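Notes follow once the structure below has been shown.
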Amino acid sequence: MAFIQTNAFGIPGRGAAVRCSRRSQVRMSLDVDSVSQSFIHLANPVVIQKVADYVGTLGLPPFVIKWGHPAMMAFMVAGMGMPGAAFGWIGRLGKGKESVKMKNLHEQVMVAFWLLAFAGALGGSLSLAGQGHEIWTLQDPHFVSALAVLGLLTANAVYAYSGFGGSTPAEKLKGRTVHAYLGALTMGVFVVHGVLGFMGGMAL
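In full-length UniProt numbering, the protein residues as written are 1 to 204.
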């Protein structure tokens with residue numbers, strides 16, 4: 001038979017009070033976590049959160065949900081972004097048919113890379129939402145760097161397809177130089193974005 005420690009007035013002893021306090025703290029912690037998750041679900045876009053919740057029902061291993069996005073983005077940047085930028089520089093510095101070939105290849109690769117970059121951003125959003133985190137917050141440096149790379153990619157593409165900001169051969173030549181260096185800067189920001197993402201992933 002269990003006895004509750006009491007004092008002379010029949011009041012529960014300190015041990016029972018401590019146990020009750022600990023149970024209350026655990027319940028409060030669970031309630032706070034539940035409320036926090038509810039607010040995160042409200043903060044995230046409804047469509048993104050619903051898709052992320054559905055993906056969570058597919059039984060994918062947690063490491064795939066957590067590291068699948070960074071792995072695909074690393075492959076995309078190393079396999080398409082960097083080579084695509086290199087093709088552009090080779091075409092810019094070269095001459096003749098080989099130069100034209102490299103420029104055409106640069107355009108084809110980078111258009112595909114631009115599309116996949118936005119698809120990758122969506123994948124990263126789903127990954128974070130699926131792990132119960134708030135997305136698209138300016139307090140997250142990885143998100144801010146994502147906005148930077150998408151903005152730079154888009155601005156450089158618009159600049160190129162608008163004629164490099166010039167109407168004469170000399171103006172277009174200067175515009176191509178701006179385009180080339182802006183592209184190199186974009187790849188550098190992509191590397192920073194990847195490092196920030198890896199650091200953020202390790203902290204989750």
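Idealized CB from N, CA, C, for every residue including glycine.
What you are looking at is a predicted structure, and each value in this text was computed from that prediction instead of being measured.
Helix, strand or coil at residue i according to DSSP, with G and I counted as helix
{"i": "E107", "result": "helix"}
{"i": "I90", "result": "helix"}
{"i": "H142", "result": "helix"}
{"i": "F190", "result": "helix"}
{"i": "W136", "result": "coil"}
{"i": "S162", "result": "coil"}
{"i": "N156", "result": "helix"}
{"i": "K95", "result": "coil"}
{"i": "G130", "result": "helix"}
{"i": "S125", "result": "helix"}
{"i": "L204", "result": "coil"}
{"i": "P83", "result": "helix"}
{"i": "F198", "result": "helix"}
{"i": "P169", "result": "helix"}
Beta-carbon proximity check, residue i vs residue j, cutoff 8 Å
{"i": "M76", "j": "L116", "result": "yes"}
{"i": "M102", "j": "F113", "result": "no"}
{"i": "R176", "j": "F190", "result": "no"}
Cβ neighbour criterion (16 or more within 10 Å) applied to residue i
{"i": "T168", "result": "exposed"}
{"i": "G183", "result": "buried"}
{"i": "N104", "result": "exposed"}
{"i": "G59", "result": "exposed"}
{"i": "F143", "result": "buried"}
{"i": "M73", "result": "buried"}
Enclosing alpha helix (DSSP H) for residue i [first to last residue]
{"i": "P61", "result": "No alpha helix (DSSP H) holds P61; DSSP gives it neither H nor E."}
Residue of the options minimising C-alpha distance to residue i
{"i": "Y181", "options": "P62, W89, D53", "result": "W89"}
{"i": "K172", "options": "R92, A119, V46", "result": "R92"}
{"i": "M80", "options": "V109, V149, F63", "result": "V109"}
{"i": "H133", "options": "G175, G59, L204, T57", "result": "L204"}
{"i": "S145", "options": "M187, A160, V111, I65", "result": "M187"}
{"i": "P61", "options": "F118, G96, Q131, M82", "result": "Q131"}
{"i": "G197", "options": "A155, A157, G84, A71", "result": "A71"}
Cβ-heavy atom distance, residue i to the ligand ZN, below 7 Å
{"i": "W114", "result": "Looking at this structure, you won't find the ligand ZN or any other ligand, since it has none at all."}
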